[in-house]
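Residue numbers (the numbering used here): 774 to 965.
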């Protein structure tokens, strides 16, 4: 038995309409979550893949805080690998000591981001404020480590130095956004 063209067309229109509505709703939740960040375009881009989860998750500030810390940790790992490659390659003419300090600082930042993500994944109502204080402290420390890395290259010039500074600066934007989403979660009380 062949499917009649009109019912098939109605089915396709219905599916298309539902998908468009779902995409618009997902974008709304993502935009609302990122509205508290300083680097909104980066927030929206970096968290876009998380906007396809269940709607109940998208309404939860904890979901967005975890997602932001997860993408920030991935970015810090990426930058850490880049820095190590720069050191191994010996391409830095000036700023080798700054590069070594930066690698150490990014190692610390990765640990702080990892601790933050772990804490966010096991939040409890009775210890929420204490846990959020820890997460905010760790994220602030990660941001400080990244800023210290940038400061270390302040007096150096050159193409390689500018590349490093650009990558590190971008990582600070990720961390700043994660901290904003965590602060939003902390101020919301986290649990209804």
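Where a beta carbon is used, it is the ideal one built from N, C-alpha and C, also for glycine.
Proximity winner among the options, relative to residue i (alpha-carbon distances)
{"i": "residue 924", "options": "872, 946, 807, 955", "result": "872"}
{"i": "residue 868", "options": "945, 938, 951", "result": "938"}
{"i": "residue 936", "options": "820, 852, 814", "result": "852"}
{"i": "residue 915", "options": "890, 812, 902", "result": "890"}
{"i": "residue 846", "options": "951, 959, 957, 956", "result": "951"}
{"i": "residue 854", "options": "904, 821, 903, 876", "result": "876"}
{"i": "residue 821", "options": "803, 810, 813", "result": "803"}
{"i": "residue 883", "options": "848, 904, 860", "result": "848"}
{"i": "residue 810", "options": "823, 800, 838", "result": "838"}
{"i": "residue 954", "options": "858, 800, 913", "result": "913"}
{"i": "residue 919", "options": "879, 901, 895", "result": "879"}
{"i": "residue 1013", "options": "921, 843, 801", "result": "Coverage of the chain is limited to positions 774 through 965, which leaves residue 1013 absent and any answer about it impossible."}
{"i": "residue 819", "options": "840, 801, 834", "result": "840"}
{"i": "residue 927", "options": "903, 870, 850, 898", "result": "870"}
{"i": "residue 886", "options": "807, 949, 958", "result": "949"}
{"i": "residue 901", "options": "960, 932, 816", "result": "960"}
{"i": "residue 865", "options": "856, 922, 933", "result": "933"}
{"i": "residue 834", "options": "874, 896, 860, 850", "result": "896"}
Terminal residues of the alpha helix (DSSP H) in which residue i lies
{"i": "residue 961", "result": "932 to 961"}
{"i": "residue 886", "result": "869 to 894"}
{"i": "residue 845", "result": "834 to 862"}
Where residue i falls: helix, strand or coil (DSSP)
{"i": "residue 929", "result": "coil"}
{"i": "residue 812", "result": "coil"}
{"i": "residue 865", "result": "coil"}
{"i": "residue 897", "result": "coil"}
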